[in-house]
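J.: Numbering (this note's numbering), first residue to last: 1 to 293. For every residue, glycine included, the Cβ atom is placed at its ideal position computed from N, Cα and C. Computed from a predicted structure; not experimentally measured.
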Amino acid sequence: MVSHINKVAVIGLGTMGAGIVEVFAKAGHEVYAVDGSTELAERGKGFVTKSLDRAVAKGKLAEADRDATLARITFTAELADLADADLVVEAVPERMEIKHLIFTALDDIVRPDAVLASNTSSLLLTEIAAGTAHPERVVGMHFFNPAPVLALVEVIETVLADPQVVTAVRELALNLGKRPVVVGDRAGFVANALLIPYLARAIALYQTGKVSREDLDNAARVGIGLPMGPLTLSDLVGLDVVREVCEVMYDATKRPSDASPALLKQLVLAGRLGRKTGRGFYDYAADAGAGAA
Ligand code: 3HC
């Protein structure tokens, strides 16, 4: 297996994928940033460039470093370009059939010793791995939103995984300046298993009409010391993602507290997915599209 991971590919350039590209490129890796069409790859380039420009404007990043970071990234719509990648991180929407298509295509493209990782937040990684020719090289590499800021990376290990691959990905995360935790393949892994029932509980509480969204969020921020209230955080994560993880958790536990609240389902059906669509519990019309998934 690859002991030295240099060339990395990230597939899917939504909120998470673009953030993950930024993390790798800033750390000095050569990155292929892939999406399903030239337009989507260009859109992804726009997200990464905007984020780096913001850092330059804040005086956190020198212009020369921004340019060097961007120069390390090749934006493409061609999976075939990934033949020399040491690691591929998939960050496409949470549909098992799309993941299977991508991972089976990668089997024929990348070297046999390349590592294949998924940023899935809700799907069973074992099912993704089992559909590939080499399930021993498939792991989870689960970043947290915003990926350039949050240090946690869950490295997810299936029963099929080669322990050396898990160790290599953990070390890679450390070299990126992240704080990896190794977790078995279970619904919600660890962080989402803690977070999502709390977000669902908050949405159910808001749904009762007994508290305003601002007061509810302030109670969590001011009273419990969390960086964001749960409704603001749900909008950041994406209400579709919150709902998907809720459903996976509920399927696994059948605990009523893990069920998706009716209001969450309605907002998702209405296309109000949070920041990425410009509206969720709050209105973000002014910065809509600033990193849609
Ligand atoms: N991209 C890059 N940088 C960003 C960013 C983004 N999207 N959003 C904020 N930042 C940076 C800011 O530039 C700022 O950097 P600086 O300190 O160097 O100037 C820093 O983060 C702090 O931002 P702000 O001052 O604007 O605001 P806050 O202090 O409120 O921090 C926050 C913003 C980091 C988002 C913070 O509120 C936070 O940590 N919120 C909780 C987020 C969280 O819990 N995420 C996990 C969600 S679960 C998940 O992703 C898993 C999935 O599977 C569901």
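Does the beta-carbon distance from I102 to L82 come in below 7 Å?
T.: Not closer than 7 Å, so no.
J.: Where N192 and L40 are concerned, what is the direct C-alpha to C-alpha distance, given to the nearest angstrom?
T.: Distance between the alpha carbons of N192 and L40 is about 28 Å.
J.: Please determine whether the Cβ atom of F144 lies at a distance below 6 Å from any heavy atom of the ligand GDP.
T.: Of the ligands this structure carries, namely the ligand 3HC, none is the ligand GDP.
J.: Helix, strand or coil: how does DSSP classify L87 here?
T.: Note: L87 maps to strand in three-state DSSP.
J.: Given that a residue counts as buried once 16 or more other Cβ atoms are within 10 Å of its Cβ, and exposed if not, what is H4?
T.: Its Cβ having fewer than 16 others within 10 Å, H4 is exposed.
J.: In terms of residue numbering, what span does the beta strand (DSSP E) encompassing V149 cover?
T.: Segment: none, V149 is in no beta strand (DSSP E) and carries neither H nor E.
J.: Using 8 Å as the cut-off, can you tell me whether the stretch 230 to 248 makes contact with the stretch 272 to 285, which would need three or more C-beta pairs spanning the two stretches below that distance?
T.: As far as the Cβ criterion goes, the stretch 230 to 248 touches the stretch 272 to 285, which means the pair count is three or higher.
J.: Helix, strand or coil for S297 per DSSP?
T.: No information on residue 297 is available, as it lies outside the stretch 1 to 293 that the chain covers here.
J.: Specify, as a first and last residue, the run of the beta strand (DSSP E) that R179 falls within.
T.: Unbroken beta strand (DSSP E) run through R179: 179 to 184.
J.: Taking the alpha-carbon of D67 as reference, which of T76, L79, A77, K50 has the nearest alpha-carbon?
T.: Comparing Cα-Cα distances from D67 to each of T76, L79, A77, K50, the minimum goes to K50.
J.: Tell me which same chain residues have a C-beta within less than 8 Å of the C-beta of L176, skipping the five on either side of it?
T.: Excluding sequence neighbours, L176 sits near V23, F24, A27, V153.
J.: Grab the span of the alpha helix (DSSP H) containing A129 for me, first residue to last.
T.: Residues 125 to 130.
J.: Just checking my contact of S257 with R186 at CB under 8 Å: how many whole Å lie between their CB atoms?
T.: In fact, because the Cβ distance is near 17 Å, the residues do not count as touching under 8 Å.
J.: Please classify M228: is it buried, with 16 or more other beta-carbons within 10 angstroms of its beta-carbon, or exposed?
T.: Exposed: under 16 other Cβ atoms inside 10 Å.
J.: Can you grab the Cα-Cα spacing for the pair A105 / R213, in whole Å?
T.: Distance between the alpha carbons of A105 and R213: 44 Å.
J.: Which residue comes first and which comes last in the beta strand (DSSP E) that contains H142?
T.: Run containing H142: 138 to 143, per the beta strand (DSSP E) assignment.
J.: Which residues mark the beginning and the end of the alpha helix (DSSP H) in which L160 is found?
T.: Premise fails: L160 is in no alpha helix (DSSP H) and is neither H nor E.
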